[in-house]
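Protein chains in written order, with my numbering: chain A, 1 to 336; chain B, 1001 to 1336; chain C, 2001 to 2336; chain D, 3001 to 3336. Glycine residues also receive a C-beta, built at the ideal position from the N, C-alpha and C atoms. None of the values given here were measured: they were computed from a predicted structure.
4 protein chains.
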Amino acid sequence: MNIYKVGIVGFRGYSGAELARILHRHPAVKVVLLEHRQDAEHRPEPLNHSGPERVFAAPDAIAAAGIECVFLATPPEVSMELAPALVALGIKVVDLSGAFRLRTPENYRHWYKEDHTAPVLLEQAVYGLPEFYRRSVPGAALISNPGCYPTAANLALRPLVDAGLVDRSAGIVCDAKSGVSGAGRKPSLKTAFCEVTENFSAYSILDHRHVPEILMNSGLDDQELSFTAQLLPLDRGILETIYFRAADGASAERILDCYRQRYEHEPFVRLYKAGQVPDLRLVQRTNYCDIGFKYEAATRRCVVVSAIDNLVKGAAGQAIQNMNLLLGFAETEALL
Amino acid sequence: MNIYKVGIVGFRGYSGAELARILHRHPAVKVVLLEHRQDAEHRPEPLNHSGPERVFAAPDAIAAAGIECVFLATPPEVSMELAPALVALGIKVVDLSGAFRLRTPENYRHWYKEDHTAPVLLEQAVYGLPEFYRRSVPGAALISNPGCYPTAANLALRPLVDAGLVDRSAGIVCDAKSGVSGAGRKPSLKTAFCEVTENFSAYSILDHRHVPEILMNSGLDDQELSFTAQLLPLDRGILETIYFRAADGASAERILDCYRQRYEHEPFVRLYKAGQVPDLRLVQRTNYCDIGFKYEAATRRCVVVSAIDNLVKGAAGQAIQNMNLLLGFAETEALL
Amino acid sequence: MNIYKVGIVGFRGYSGAELARILHRHPAVKVVLLEHRQDAEHRPEPLNHSGPERVFAAPDAIAAAGIECVFLATPPEVSMELAPALVALGIKVVDLSGAFRLRTPENYRHWYKEDHTAPVLLEQAVYGLPEFYRRSVPGAALISNPGCYPTAANLALRPLVDAGLVDRSAGIVCDAKSGVSGAGRKPSLKTAFCEVTENFSAYSILDHRHVPEILMNSGLDDQELSFTAQLLPLDRGILETIYFRAADGASAERILDCYRQRYEHEPFVRLYKAGQVPDLRLVQRTNYCDIGFKYEAATRRCVVVSAIDNLVKGAAGQAIQNMNLLLGFAETEALL
Amino acid sequence: MNIYKVGIVGFRGYSGAELARILHRHPAVKVVLLEHRQDAEHRPEPLNHSGPERVFAAPDAIAAAGIECVFLATPPEVSMELAPALVALGIKVVDLSGAFRLRTPENYRHWYKEDHTAPVLLEQAVYGLPEFYRRSVPGAALISNPGCYPTAANLALRPLVDAGLVDRSAGIVCDAKSGVSGAGRKPSLKTAFCEVTENFSAYSILDHRHVPEILMNSGLDDQELSFTAQLLPLDRGILETIYFRAADGASAERILDCYRQRYEHEPFVRLYKAGQVPDLRLVQRTNYCDIGFKYEAATRRCVVVSAIDNLVKGAAGQAIQNMNLLLGFAETEALL
């Protein structure tokens, strides 16, 4: 089998470490860790087991090492710096940051509070949500890996919105909860153990930067969706509880049928019978998005629960799913 | 000072233990633990420090011991058995179970799936939410202590509903999250450590038995309120994220003013400026209900966050607040 | 490749579920879930993804299904019932319970407080700690998979004891800490979330049933080893802190050399340089046993830290390592 | 009643916040928060409830505000800066840092890796472990509040060492575990939620800076005590598991008698019958030190378990116990 070398910038962060962990099982790739800057932190390393090769993360060095695909598990400003140089060298890039998710530099500036420094590449980036944009991935130079909250929200909402099963006039509420790893590894008071354990808190109420990404891909308008992010006292997992009134003519059967038509054969979306909803345990350390719902016919109220692991389907797993499509492997390789 | 003896049935449960812990600081009461049935579990007891007096929980023995007020931190069926006998002996009762919260035996049977065995007392019970029914408490024979979810929901919703600030036609969503102690101390798989830690799950979607209690006291109708309960991987605390569209003419100022008019001088309701919301850490081990909100003028969307400790303002603390009113103490005694 | 069918009795327990999870990645086996008794608990199952085949766990049905190896992730009394019948049918058995770990029925009765009902098989059982008994595994009819605490203790202690590097006259202390999954999935007050979270407690001080298993395999005598088990508020992982005085002539170099000679090429034992010790994060969800130590030359005091995942190297992973040896696969298959 | 004003420097840290929380219940003191430097972090503050008075933490301002006693819940370098100035102004100081615990500047420099900048005051400081040095406290100008690990260790060890019940030649092991709040509130990777949750790790093996403090007060020599600190994935609590061989002639009865003679009437030390040991739940949010043990007569091995809340008896609670003695209140005021 042809073995491809793939590199990870940001391998000490949570998403980067998860990329390395999953790719370790991939039969057709060899991982190279790309040192971007000296990080004081070092985990102890075993004397009698060696880890992956390490290379300095300069684009030339990456090309010289024969690396064909690079994952950027980095902050947006680092992604905007590295991605253009890598793409120019013909290296495929999967970016896990928010740098290339929105469509315009103006939009980026509005939500990320800084200028976009790679606007040309922004136009070319393909949004890597394979369940909806699978066919655009293989030919792309740069894949923008979706945000964690939008992945769970869009997989749950879009089929129903597309099918006209949501009464959009009544508004949709997405009450989202995430584990702490979603905030990254850089120490801060907000993610310190004693502040988080036994606690639960809401943040970015109605103005989270993932909202435009949900709207763009779900087909909803701004004033239709109320989104709140909340911090769970746990390491990994996102669960979103979504409330809406179903359109006239809806039923539990029609809702379930709608999901089945879209996802029956999707390898990474699992459905449950009406009335059953997933919890985080079902999806942690998997690339699955699990979707269940409860429907009350008398009032047409529907509550959908969508769950993913924010570091897998919400980051590293989906990035590898995209890499599999980019490099021509089976889409599920290393992910089941 | 006159010292009153007060008894606790169910002192080994979480609410019962919390009652004992708080009352230990009360200068005017002496706690008696009332043994209702032999519980296999025994915590080690220190040799050189003695705990409260213990008496068998038979009504006659309770009366003979000179106990003037009894807390029932028991399942509803035990409360329905003990409360009538105690009331008949002239002993004040504060019941922490759901036995006396709904208005009719039919309603009770519908939600609790068993017959109500003390329907006469049900009619006389006073619902002990002091912020709304303070004046009815002192003369009551039996106080029905509110449920944990309804306490947080009603304190947040009722002032706004009463003031006409909620556009009820659009529906109200109450996405509620609770710590595990709310499920009681009886071992079950659902509350086993390895099932709960690092997990988060929804239950009783749209049909929780606390819903009728919220409706009765908030003034909302059934089809207006969508309520989902969810289990947080932590010991204690409830946080409810409440979404609604404000009525025409509303503003952040009017919403805050509404809360201030109702709660400015309430000792146990704390308010935050518009845009700030509480987390669980602020209320744990206190009798406070903390309320904050975010309002978006352009869309009239409002998100209210209401937080309590489910074992204090949601159970033992509120029960002691009721006892203070019943026995003529300062309402805040032992609770600040 | 020849595909073997392997069965799991007790697949709803934590070790059993972990067996299924790991074997899912094994290229040469097909998992069959063996229903032993009706368990009320049911996790929701996806509609569009099917799980492994299920067969009733009667020995005849197991044989009829063509299963060649059975894992018993069951209580000792179930293992003693099923193992003899399976062995009689020529089916290889890997037992994860304590039923076949001690050498004599008397010893079993002393520590497990019940009679051994399969004493003949007890004599034939091979203790499956591959790092020490690798060559005995392939020909065995029944492998007794080691206990979790003994695995971590013996891998850390035995090389040093064998090499005479421990001053046994001064006594050895093994202060052991385990996650809650080690106690199994049956609900009990001791493992209820609210009792365990934010708590830490010692149990079975000096008389844990794993002590004889440690003594048998480490070469230590009863009065030389002080062992205490303690419950960590976490799901999975065992860390043992082992204190001893080194023998005359010892040094940090000699201790490290001793470990390297034994484990340099062991696939599942990782060593660290003197002064560095592992934490649980390094070993969770892996089949590694990580060993590090600190040595103080002036006083000849040595502290060894040994860490495993109790459900992997301490249960399911080691059981699969044994199965790999039994069935002739690479020892590391599915485990790296 | 005469009301004393007492100040807290470092009130945003965990020990400082705990001081404020406990003193809030003290009938004879009024808390003043002393702002030492601008801290970016601000918790939301309720609109309708006001907190304590705030004063800038300059010694002159403190004196001008009429504050009679100041708690320094600060790093050692801040304590060494503020304490001399406060003492010079006749203000009583209780220092919670390690600045004044060791006897000599040389010793301090060795363990804290910096010069002692207040050596004169170091000589005058009284070590505030009331159970052993109660009579020295009232007249002191500066109380050095004991470290958390030493408090639990010394209360457990010293009575037995004094009574000759420990065979010191065999060595004593103290395996100590602490919650994360012991590391303070300053964000760091080591105390980040995702690094700590579901993890357990050892640190400062055999060379923790609390060791000299244990030796000084327990009567043990350096080579006799092996001490390891370990980080529990929980907020608050210290549990120490102490192993030793009892001296000839010891028995479970003699050990228990020894403890009872010392602690029978101590308000904050609780004892358990032989064979029973405390867990963290028993002591959290209390000022108790709970001590239990198991003794094996045949081998004279003894395991003592000592548990405290690191923020209460290990910091703020003990500091208030000292303040009560300093200012002439009942020693237990606000602490039971």
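Here the alpha carbon of B:S1204 sits roughly 6 Å from the alpha carbon of B:T1228. Taking C-alpha positions only, C:V2094 is separated from C:I2172 by approximately 31 Å. Buried is the label assigned to A:D175, since at least 16 other Cβ atoms lie within 10 Å of its Cβ. For the beta strand (DSSP E) assignment, the uninterrupted runs of no fewer than 3 residues enclosed by the stretch 1169–1252 of chain B are, from N- to C-terminal side, 1172–1178, 1201–1203, 1225–1231, 1238–1245.
Judged by beta-carbon spacing, C:G2179 lies within the 7 Å limit of C:L2234, meaning their Cβ atoms are closer than that value. Within chain B, the residues K1177, L1232, L1234, G1237, L1239, D1279, L1280 have their CB atoms less than 8 Å from the CB of A:F200, given in chain order.
Note: D:E3053 is bridge-paired with D:V3032 in the DSSP secondary-structure output. Under DSSP, D:C3069 takes part in a beta bridge, and its partners are D:V3006, D:K3092. For B:Y1295, the beta-bridge partners assigned by DSSP are B:C1302. Between C:T2191 and chain B, the shortest Cβ-Cβ separation is below 7 Å. Within the stretch 1122–1140 of chain B, no residue places its CB atom closer than 9 Å to a CB of chain A. In this structure, the alpha-carbon of D:Y3295 lies about 6 Å from that of D:A3252. The secondary-structure analysis by DSSP pairs D:I3143 across a beta bridge with D:V3094, D:V3126. For C:R2135, there is no enclosing beta strand (DSSP E), as DSSP gives it neither H nor E. Three or more Cβ pairs closer than 8 Å define a contact, and the stretch 1128–1146 of chain B meets that threshold against the stretch 1096–1105 of chain B. Collapsing the DSSP output to three states places B:V1269 in a strand. The stretch 232–247 of chain A makes contact with the stretch 303–311 of chain A, as at least three CB pairs between them are under 8 Å. Residues of chain B whose Cβ lies closer than 7 Å to the Cβ of A:V305 are, in chain order, A1202. The Cβ neighbour count for B:I1242, taken over all protein chains shown within 10 Å, is at least 16; the residue is labelled buried. For B:A1183, the closest C-alpha among the options B:L1231, B:L1326, B:L1086 is that of B:L1231. In this structure B:N1048 is in contact with D:R3270, their Cβ atoms being roughly 6 Å apart against a cut-off of 8 Å. Against chain C, a Cβ distance below 8 Å from A:E77 picks out nothing, because the smallest value is about 29 Å. At a beta-carbon threshold of 8 Å, none of the residues of chain D lie near B:R1012; the nearest stands roughly 13 Å away. Chain-order list of chain A residues neighbouring C:R2262: empty, with the shortest C-beta distance near 11 Å, by a criterion of under 8 Å.
Residue pairing by DSSP puts D:D3290 in a beta bridge opposite D:R3270, D:A3307.
When the beta-carbon positions are compared, A:R54 and A:L23 stay at least 7 Å from each other. Between the alpha carbons of A:V120 and A:I91 lies a distance of about 17 Å.
Assigned with DSSP and collapsed to three states, C:V2087 falls in helix. Just so you know, the alpha carbons of B:A1307 and B:D1279 end up roughly 7 Å apart. Any Cβ of chain A closer than 7 Å to the Cβ of D:S3218 would place that residue at the interface, and such an atom is absent. At least one CB atom of chain D sits nearer than 7 Å to the CB of B:P1044. By the C-beta criterion, the stretch 2322–2333 of chain C is judged not to be in contact with the stretch 3056–3066 of chain D, since fewer than 3 inter-stretch pairs fall below 8 Å.
Any Cβ of chain B closer than 7 Å to the Cβ of C:C2289 would place that residue at the interface, and such an atom is absent. Between the stretch 1163–1171 of chain B and the stretch 2156–2173 of chain C there are fewer than three C-beta pairs closer than 8 Å, too few to call the two in contact. Counted as a single uninterrupted DSSP element, the alpha helix (DSSP H) harbouring D:N3107 occupies residues 3105–3112. Interface annotation, B:Y1243: not in contact with chain D, CB-CB separation never under 7 Å.
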